[in-house]
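Residue numbers (our numbering): 311 to 660.
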Ligand code: ADP
């Protein structure tokens with residue numbers, strides 16, 4: 311199995327990003343490791359592998375601020391490593407250091423059809439009423455996404471609902487390219503299969519249980535940042551909005567209590583249990599008792615992460631070295647596929 315997955319670089323990372331996105335990658339990496347150990351025990355030499363990249367080239371398809379993109383890319387890389395992505399076990403890099411991505415995109419642009427791209431609902435959603443004013447990159451970024459995975463002969467790609475159509479497109483492009491330019495017994499590209507990412511928690515604002523926890527919320531108190539120290543975490547949880555009722559013992563008792571449900575959901579996600587498990591243990595407790603327990607669990611999980619995160623952000627050399635090494639491995643894995651694509655198209659590269 312070769313899994314390839316990308317994430318948009320985003321700054322000011324918070325608990326929602328960790329529990330909703332980053333932790334899934336760590337889980338995928340750990341599952342791959344388990345599969346490798348099992349295979350080694352059964353004598354197979356095949357190695358499963360995860361490639362994780364920061365989709366910085368995708369970020370320029372929308373209006374963006376260059377300084378912000380640079381900062382967000384470094385911050386996201388630091389967060390991924392701090393949260394458990396191990397650059398020795400997974401290939402971790404940013405697209406901008408692997409020119410094979412935009413190179414292959416150009417080669418695939420010859421195969422992708424305008425009609426196929428016209429059907430992409432993400433373009434319609436993101437360009438809104440201003441289609442004529444949208445960037446050409448926004449229109450063709452699904453082809454870059456195809457290049458992102460086909461370049462590495464990915465066998466599996468984790469996709470949420472909104473990205474299913476783009477993976478279908480990647481398969482269509484691969485199929486047409488193979489048909490048009492390769493012989494049946496030596497296809498250039500592997501057709502990747504979609505896999506559903508593990509169910510991720512959706513974390514809400516600490517000030518308003520009906521709103522998502524988000525970096526764009528003007529209130530610092532609405533979110534726990536990955537860089538927060540233990541005192542700040544404690545303060546934010548103590549001040550989190552709640553109601554005067556104690557916790558119920560059954561899930562039904564959380565209906566119409568979005569803030570209480572959110573705190574229980576966070577506890578459940580951190581303790582790798584379910585909301586039911588948390589209510590079994592804490593049902594009947596008031597928030598005076600539950601909040602300190604939650605804060606303790608949060609600090610226990612986040613402290614090692616925030617320490618490593620802050621240390622890496624302050625050590626540009628180490629961070630640059632991690633990304634450079636990941637990019638170099640990615641370029642190596644990509645090279646034979648890129649070369650085959652050039653050759654198949656009749657392009658002479660000297
Ligand atoms: P924000 O909403 O803070 O701007 P982004 O949109 O940059 O965050 O999201 C980056 C990743 O983190 C996405 O995969 C998104 O699904 C996940 N994510 C962001 N906020 C939350 C949240 N409150 N709960 C769960 N996942 C989240």
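Quick reminder that beta carbons are idealized off the backbone N, C-alpha and C, glycines included.
Below 8 Å CB to CB, which residues in the same chain sit around residue i once its five sequence neighbours on both sides are set aside?
i           : result
residue 639 : 401, 403
residue 541 : none
residue 329 : 510, 511, 513, 576, 579, 580
residue 626 : 384
residue 463 : 312, 499, 500, 647
residue 652 : 417, 659
Buried or exposed, going by whether 16 or more other CB atoms sit within 10 Å of the CB of residue i?
i           : result
residue 320 : buried
residue 681 : This structure leaves residue 681 out entirely; the chain is present only between 311 and 660.
residue 548 : exposed
residue 385 : buried
residue 440 : exposed
residue 515 : buried
residue 617 : exposed
residue 468 : buried
residue 416 : exposed
residue 344 : exposed
residue 474 : exposed
residue 435 : exposed
residue 554 : exposed
residue 502 : buried
residue 395 : buried
residue 326 : buried
residue 488 : buried
residue 599 : exposed
residue 538 : buried
residue 424 : exposed
residue 333 : buried
Please tell me whether residue i and residue j are closer than 7 Å, where the distance is taken between their beta carbons.
i           : j           : result
residue 649 : residue 407 : no
residue 359 : residue 429 : no
residue 517 : residue 532 : yes
residue 535 : residue 324 : yes
residue 315 : residue 362 : yes
residue 421 : residue 483 : yes
residue 623 : residue 595 : no
residue 387 : residue 633 : yes
residue 508 : residue 337 : yes
residue 389 : residue 619 : yes
residue 491 : residue 631 : no
residue 365 : residue 318 : yes
residue 561 : residue 543 : no
residue 392 : residue 615 : yes
Which residues in the same chain have their Cβ closer than 7 Å to the Cβ of residue i, if we skip the five residues on either side of it in sequence?
i           : result
residue 411 : 367, 405, 454, 457, 458, 461
residue 371 : 445, 447, 448, 451
residue 426 : 479, 482
residue 381 : 321
residue 597 : 552
residue 644 : 408, 410, 461, 462
residue 399 : 339, 343
residue 346 : 357, 358
residue 607 : 577, 580, 581
residue 629 : 384, 387, 388, 622
So, is the C-beta of residue i closer than 7 Å to a C-beta in chain D?
i           : result
residue 323 : The question asks about chain D, but that chain is absent: this structure has only one protein chain.
Taking the DSSP output, what are the residues bridged to residue i?
i           : result
residue 312 : 359
residue 497 : For residue 497, which the question treats as bridged, DSSP gives no partner whatsoever.
residue 319 : Per DSSP, none; premise fails for residue 319.
residue 467 : 504
residue 324 : 535
residue 604 : DSSP lists no partner for residue 604.
residue 253 : Only positions 311 to 660 of the chain appear in this structure, which leaves residue 253 out of reach.
In its own chain, which residues sit with a C-beta less than 6 Å from the C-beta of residue i, not counting the 5 before and 5 after it?
i           : result
residue 569 : 519, 551, 552
residue 571 : 564
residue 577 : 588, 604
residue 418 : 453, 456, 457, 483
residue 477 : 467, 469, 504
residue 342 : 358, 360
residue 592 : 557, 600
residue 609 : 540, 543
residue 497 : 488
Does at least one heavy atom of the ligand HEM sit under 6 Å from the Cβ of residue i?
i           : result
residue 331 : Inclusion of the ligand HEM in the displayed structure is not the case, the ligand content consisting of the ligand ADP alone.
message: Threshold first: 3 residues or longer. Then list the beta strand (DSSP E) segments lying entirely within the segment 369-427, N to C.
response: 401-404
message: Ignoring anything shorter than 3 residues, give me the beta strand (DSSP E) runs that lie fully in the segment 478-545, in order along the chain.
response: Whole beta strand (DSSP E) segments, 3+ residues: 503-505.
query: Can you give, in chain order, each stretch of the beta strand (DSSP E) that sits fully within the segment 571-656 and has at least 3 residues?
result: none
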